[in-house]
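Structure, as structure tokens:
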Amino acid sequence: MKFLTLIFISLFITGFISCKNGKKDKGTKEKPPPGVDVMIAANEKFENTVEVNGTVLSNEMVELHPEISGRLTYLNIPDGEKVSEGTILAKINDAELQAQLEQQKAQFDIAVKTEKRLKDLLAINGVNQADYDVAISQVNTLQAGIKVLNAQIDKTVIRAPFTGELGLRMVSPGAYVTPQTLIGTLQQTDNVKIDFTVPEGYACLINKGKSITIQTNVSNENKTATIVAIEPQINILTRNLKVRARLTNGNINPGAFVKVILTEKKEGISVPTNAIIPDAASNQVVVVKNGKAVFKNVETGVRTENAVELISGVNQGDSIVVSGVLFVRPNAPVKIKKAKKVNDKK
């Protein structure tokens, strides 16, 4: 009886295991390949736009300081008025210098007459050569002294170095001034300079003579400026390039903050940003070939809000996976659910 019971239990366990294995085998099926959407690579035109901050500078700007110390006898600095180049803006008392000049001229006239008389005497051996040389030296010395005094008198006059707009007057008539005294400022604002910096990665967007768009915070009105100079050396700390543009009749105050909009129109292959697989060594995209996923290293270029330029790594006509990238494996089968054209990638 006990023996029959053991046989029954053994048969029951064997049947149970067989039944379970049968169900497991029945439920095991091969997984279908993951479905993906692809985009057919083709050249297209796209626009790369970068915004950077810029500062407005006067085309020309100078602080007006006297070259010598003295008391102002004339002051012509009307606040905010335009003046022409060469206009006399201020004058320092030069009475003492003028008196010294008159004295020097009188001595010079006497020295010239003395030199002429000694020259005539030298011709008949009435004086020796040394006496005549002293007379010549005296003439030259006094002549040089006259030039020095004229130069000093010129320094008493402050003139506008260029045509521009005066700032606020900082002194009053009759004030005693020194070379450290700021009398006022003069700026040329009809044309202004726009200085800005660009990361070295966007150096392709700047060229001398290229037109750029300037936008002010006040009016949000777009103005067109022209790049006139590019600093030849990249800043080793910021890795930026300094650029200068010129804006004509922009009606923008120097010192203002502006946005500089750099635009470049290009033609090439681009893909949605989610099609790029970042990797430590290089970026990759997945291309479907013969029903299988092929991972390709690519070199990326310009990035826009929704797309990335592919400089190398893919060819026109390649089927690039743009949806379902995370579910594919290298050289594994995939099923294309939808093939998009370039214009449909967005």
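To convert, note that position 14 of the sequence shown is 20 in this note's numbering; the numbers rise steadily by one, no gaps. From the three backbone atoms N, C-alpha and C, an ideal C-beta is built for every residue, glycine too.
A distance of 8 Å or more separates the beta carbons of residue 41 and residue 307. Under a 10 Å Cβ-count criterion, residue 202 is classified as buried, with 16 or more other Cβ atoms of the shown protein chains found around its own Cβ.
Note on geometry: alpha-carbon atoms of residue 75 and residue 253 lie some 39 Å from one another. Between residue 327 and residue 320, the C-beta spacing is not below 8 Å. The residue from 219, 158, 238 and 53 with its alpha-carbon nearest to that of residue 251 is 219. Judged by DSSP in its simplified three-state form, residue 229 adopts strand.
Under the three-state reduction of DSSP output, residue 77 falls in the strand class.
Restricting attention to 318, 264, 141 and 311, the CA atom closest to the CA of residue 288 is found in 318. Residue 159 and residue 151 have their C-alpha atoms spaced approximately 12 Å apart. Every unbroken stretch of the beta strand (DSSP E) spanning 3 or more residues and falling wholly within the segment 69-118 is given here in chain order: 76-81 and 94-98. At a Cβ-Cβ threshold of 8 Å, residue 184 and residue 97 do not count as neighbours. In the pairwise beta carbon analysis, the segment 58-78 is classified as touching the segment 252-267: at least three pairs are separated by under 8 Å.
Assigned with DSSP and collapsed to three states, residue 242 falls in coil, not helix or strand. As the crow flies, the alpha-carbon of residue 168 is around 51 Å from that of residue 136. Under the criterion of beta carbons closer than 8 Å, residue 189 and residue 212 do not qualify as touching, at roughly 39 Å.
With fewer than three CB-CB distances shorter than 8 Å, the segment 43-56 does not count as touching the segment 140-155. Sequence-distant Cβ neighbours of residue 279 in its own chain, meaning closer than 8 Å and more than five residues away, are 309, 312, 313 and 314. Secondary structure at residue 166: coil, using DSSP grouped into helix, strand and coil. Assignment of residue 54 by DSSP, reduced to helix, strand and coil, places it in the strand class. Rounded to the nearest whole angstrom, the C-alpha separation of residue 247 and residue 239 is 7 Å. Residue 292 is positioned such that its CB atom lies no closer than 8 Å to that of residue 316. Per DSSP, the unbroken beta strand (DSSP E) holding residue 204 starts and ends at 190-205.
At the C-beta level, residue 273 and residue 50 come within 8 Å of one another. Taken atom to atom, the span from the alpha-carbon of residue 153 to that of residue 196 is near 38 Å. Rounded to the nearest whole angstrom, the C-alpha separation of residue 271 and residue 342 is 32 Å.
Taking a 10 Å sphere around the C-beta of residue 235, we find fewer than 16 other C-beta atoms and assign the residue as exposed.
In the DSSP annotation of this structure, the continuous segment of the beta strand (DSSP E) that includes residue 221 starts and ends at 217-222. Separation of residue 81 and residue 182 (C-alpha to C-alpha, rounded to the nearest whole angstrom) is 12 Å.
Here residue 290 carries a strand assignment [DSSP, helix/strand/coil]. Here the alpha carbons of residue 186 and residue 99 stand approximately 17 Å from one another. In this structure, residue 215 sits away from residue 192, with a CB-CB distance that is not shorter than 8 Å. Judged by beta-carbon spacing, residue 262 lies within the 8 Å limit of residue 222, meaning their Cβ atoms are closer than that value.
In the DSSP secondary-structure assignment, residue 269 is bridged to 55.
Per DSSP, the unbroken alpha helix (DSSP H) holding residue 153 starts and ends at 135-160. Cβ neighbours of residue 90 within its own chain (closer than 8 Å, five residues either side excluded): 166 and 169. Per DSSP, the continuous beta strand (DSSP E) segment holding residue 316 begins and ends at 313-318.
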